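Here's the structure we're looking at; comments come further down.
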Amino acid sequence: MVTINNEDLRDIFNYLATIENILTKEVRQINGNKYYLDKIVPENIIKVYSQKEKTAITFADNLSKTAYESSIVTIVATFERVVFAKYKTAYGTIKNVVRNHSTKPLDYFNSRENFVNGNIDKLSGIISLIEGHLSNDILEKLKIIKDHRNYIAHGKRDIAPPSVEFRLDEVAKILDDVIKEIEY
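No gaps in the numbering here: position 108 of the sequence shown is 125 in this note's numbering, and each next residue is one more.
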């Protein structure tokens with residue numbers, strides 16, 4: 018069992034891991050018993066996928082894949098929410114320090130906001146910001162997770178599939194490690 022320290026990330030991971038666990042147990046029942054599928058699908062598709070063993074197994078595999086992909090998008094979105102909240106707080110603090118403790122000749126006053134960039138609104142911007150502060154191992158894993166999320170979220174088009182697919186608990190642990198590095 019993986020330990021996740023950030024409360025928001027831990028909560029969403031626990032929900033997603035529970036769904037994954039339930040789904041794994043239910044899908045296991047379909048192998049050798051195609052009609053079991055009818056017990057777990059919505060009423061309007063009963064007997065649609067359970068008539069042939071191969072169709073039932075394909076449906077179950079696609080269901081598991083869709084749940085995994087949705088979990089990746091959800092956990093990365095939670096990570097982004099946490100990281101952007103921390104970034105906005107840090108940005109506000111830095112902006113106030115620059116405003117309160119800098120000399121104010123007119124030219125400098127007009128350009129001092131450029132020293133503090135508050136316009137980062139994408140995960141890639143955060144990654145660029147923290148790049149020199151993470152170990153290469155964590156940074157590379159974070160980039161793989163970001164690319165995987167982008168691959169899923171953008172319809173699996175225009176970009177290659179991820180070179181590595183981490184398990185959900187691995188993704189949660191990596192993202193939690195990044196948050197820990199940001200916090201300390």
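Built from N, CA and C at the ideal position, the CB exists for glycine as well. Just so we're clear, the structure is a prediction, and the values are computed from it rather than from any experiment.
Okay, do the segment 87-95 and the segment 180-200 touch, 3+ Cβ pairs below 8 Å being the bar?
Segments in contact, yes.
In this structure, how does DSSP classify Ser220 when only helix, strand and coil are distinguished?
The chain is shown only over 18 to 201; residue 220 falls outside these bounds and no answer can be derived.
Within the same chain, show all residues whose beta-carbon is closer than 6 Å to that of Lys51, passing over the 5 residues directly before and after it, in chain order.
Excluding sequence neighbours, Lys51 sits near Ser67, Glu70 and Ala73.
Would you call the CB atoms of Glu148 and Leu156 closer than 8 Å?
For Glu148 and Leu156, yes; Cβs fall inside 8 Å.
Mind checking whether Ser180 and Ile161 have CB atoms under 8 Å apart?
Cβ atoms of Ser180 and Ile161: closer than 8 Å.
Here's the rule I'm using: 16 or more other beta-carbon atoms within 10 Å means buried, otherwise exposed. How should Asp154 be labelled?
Using a 10 angstroms sphere on the CB of Asp154, the tally of other CB atoms stays under 16, which defines it as exposed.
Validate contact between the segment 38-51 and the segment 73-85 using beta carbons, cut 8 Å, 3 pairs
Touching, yes.
Please determine, among Lys158, His150, Asn31 and Ile29, the residue with the shortest C-alpha to C-alpha distance to Glu182.
Nearest to Glu182 by alpha-carbon distance, out of Lys158, His150, Asn31 and Ile29, is Lys158.
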